[in-house]
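Reading through the structure tokens given below for one structure.
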Amino acid sequence: MKPLKNISNGFTLVEILISLAISGIVLAGVLSIFDNSNKSYILQEDIARMQQNVRMAKYYIEKDLRMTGYGVQTLAFDGQLIKPLTFKNNTQGDSKVHNDTDTLSITYVDDDEGGCGSTPGANRSCADLPQLLLQGEKPPTSTVAEVKVYMKDHPPYSWWAEGCSCGGVDYDSPKFGFQALITSPDGSKSDIVFVTGVSAKKEGSDSTISNGPNFTALDGVTYSNKQLNTYPDGSTISFFNSNSLVNIGYYIDKKNYLRRSVAGNANKISENIEDIQIGFCGDYNGDGVINLSYDPANPDDSNDDWFDEGNLVSGELSDTDIEKIRFIRVTILGRTSREYKGGITSKRPGIEDHTAATQSDGYHRRLLSFTVQVHNFDLDN
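Going by numbering that gives the first Met the number 0, 17 is the number at position 18 of the sequence shown; the sequence numbering is gapless.
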């Protein structure tokens, strides 16, 4: 009988422990590489979204700024001139607006909204009503204005007395309530009024349009109205679609969403917008020349043509200041959706007259500044 050999195939405990240690080191390295790659990917995605948010904010604001004041330079509503632009500097105490950010409101007439659509309502489209001429023989306090046409049995002028529809709303006799635009013969001024009645007359009698005072419109607001007879003989009267008067507001809410407010609906345009600051350029130093040069390190320079820190004592623009605007500078500050610890540290920078933050954080930021020339503020010069 042969003796059994001592077979020692396999690993010793020491070898196994060494193998486990090496495997652990390799696995830890792999996991570290994966974790760093994942963090880098998340950061890159967040930065890309931040840049997209800033560009989207610029797109909307720039587009609307170019329309600012179109059609409203001499336009009044309820006897008050319409402001093409309103502005509040470094807003404080507003329940909707992020503190220390600027807010902007833009007004213009959108010609594309002047019609009433293919199916405005039960009646003829108000947009089809022909233009009328004011007779101009009534005193300014009169609520009835005479026009230079015979409406009864004379289409299309008789359409004024038959009622009309626009945007699904029917305006019928005797209380119509649709808006009309009266413009002086030289085009120097216009007023939006409410037509509260139409009296169609045959030849030999004067047809009239009423714009009675203290008229309560569909929005529930009561207007003084009664502006027709403050205009001279030969002024034109035409239908005006209220939807064509556009007012758009921009502000940053408490959650750092940039919102674009139209007709009471404040839609989100961009997220993670930390600040918006606005400057206005015109002949504010009175030298007859508009100079776009600007030193960000000295925004309070009284010798430049930028209306900014040193001028905004009340935080708002006066009517006189608005009339001088020829260029508008907008600076948008975006940031990532979260802080990234262990990387760079930064502070919210100072922009215009909004001073920089004192505390550092881990947000990545992007600053975008652009200047828009407004073409509708100096049409008479």
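In this text, a Cβ means the ideal position worked out from N, Cα and C, and glycines have one as well.
Which residues DSSP lists as bridging residue i, in chain order
i	result
cysteine 125	In the DSSP output, where bridge partners are listed per residue, cysteine 125 has none listed.
glutamine 178	Phe193
leucine 74	Ser189
serine 209	Val143 and Gly196
histidine 353	Ile350
threonine 235	Leu132 and Thr182
Beta-carbon proximity list for residue i, same chain, < 8 Å, skipping 5 on both sides
i	result
serine 189	Thr73, Leu74, Ala75, Leu180, Ile181, Thr182 and Ser183
asparagine 213	Thr221, Tyr222, Ser223 and Asn224
serine 234	Leu132, Leu133, Gly135, Ile181, Thr182, Ser183 and Pro184
Residue interval of the alpha helix (DSSP H) (run including residue i)
i	result
aspartate 318	318-322
glutamate 61	12-64
glutamate 161	158-161
As assigned by DSSP and simplified to three states, the class of residue i
i	result
threonine 229	helix
glutamate 112	helix
asparagine 284	coil
serine 368	strand
serine 384	No answer is possible for residue 384: the residues shown for the chain start at 0 and end at 380.
serine 187	coil
serine 241	helix
threonine 85	strand
alanine 144	strand
lysine 325	One point to set straight first is that residue 325 is arginine, not lysine, in the sequence displayed. Coil at arginine 325, not helix or strand.
glutamine 358	coil
glutamine 276	strand
serine 204	coil
glutamine 130	coil
isoleucine 289	coil
histidine 97	coil
phenylalanine 376	coil
glycine 399	No answer is possible for residue 399: the residues shown for the chain start at 0 and end at 380.
serine 164	strand
threonine 215	strand
Selection from the options that minimises the alpha carbon distance to residue i
i	options	result
cysteine 125	Val146, Thr215, Arg259 and Trp159	Trp159
glycine 78	Gly287, Ala27 and Pro139	Pro139
lysine 87	Ile251, Glu270 and Tyr256	Ile251
glycine 114	Asp127, Ala27, Leu16 and Ala144	Asp127
aspartate 360	Asn375, Thr335, Gly23 and Lys38	Thr335
tyrosine 222	Gln178, Asn255, Phe238 and Arg328	Gln178
asparagine 122	Ser36, Cys163 and Asn242	Cys163
phenylalanine 238	Gln130, Val108, Tyr69 and Ile24	Gln130
glutamine 372	Thr142, Ala47, Met150 and Ile60	Ile60
asparagine 290	Val71, Phe326 and Ile24	Phe326
isoleucine 191	Lys201, Ser243, Thr90 and Arg48	Ser243
aspartate 111	Ser241, Lys253 and Asp352	Ser241
valine 168	Asp218, Lys147, Gly135 and Ser141	Asp218
glycine 193	Leu227, Asp352, Ala262 and Gly116	Reading off the sequence shown, one finds phenylalanine at residue 193, where the question assumed glycine. For phenylalanine 193, the nearest C-alpha among the options comes from Leu227.
valine 96	Lys253, Gly285 and Arg337	Lys253
glycine 92	Thr85, Asp101 and Ser141	Asp101
aspartate 282	Gln358, Cys165, Gly341 and Thr319	Thr319
threonine 354	Ile275, Ala262 and Ala27	Ile275
glycine 166	Gly116, Val143 and Gly135	Gly116
isoleucine 350	Tyr339, Asn89 and Val261	Asn89
Beta-carbon proximity list for residue i, same chain, < 6 Å, skipping 5 on both sides
i	result
lysine 82	none
valine 53	Ile331, Gly333, Arg365 and Leu367
leucine 257	Ala56, Ile251, Ile268, Ser269 and Ile272
aspartate 205	Glu145
threonine 370	Phe326 and Arg328
alanine 356	Lys346 and Arg347
For residue i, the first and last residue of its enclosing beta strand (DSSP E)
i	result
arginine 347	Counting along the chain, arginine 347 falls outside any beta strand (DSSP E), and DSSP gives it neither H nor E.
glycine 259	Going by the sequence as given, residue 259 is arginine instead of glycine. Its beta strand (DSSP E) spans residues 257-261.
valine 245	244-251
glutamine 91	Where glutamine 91 is concerned, there is no enclosing beta strand (DSSP E), given that its DSSP letter is neither H nor E.
lysine 267	264-269
tyrosine 339	Run containing tyrosine 339: none; DSSP gives neither H nor E here.
valine 220	Counting along the chain, valine 220 falls outside any beta strand (DSSP E), and DSSP gives it neither H nor E.
tyrosine 170	168-170
Beta carbon proximity, residue i to chain B, threshold 8 Å
i	result
threonine 335	No chain B appears in this structure, which consists of one protein chain only.
Nonlocal neighbours in the same chain, by C-beta distance under 7 Å from residue i, ignoring five residues either side
i	result
aspartate 63	Ile105 and Ile247
glutamine 50	Arg365
tyrosine 69	Tyr107, Val108 and Asn375
asparagine 266	Arg258 and Arg259
serine 157	Met150, Lys151 and Ala199
valine 13	none
proline 231	Gly135, Ser183 and Pro184
lysine 147	Leu132 and Gln134
arginine 65	Val371
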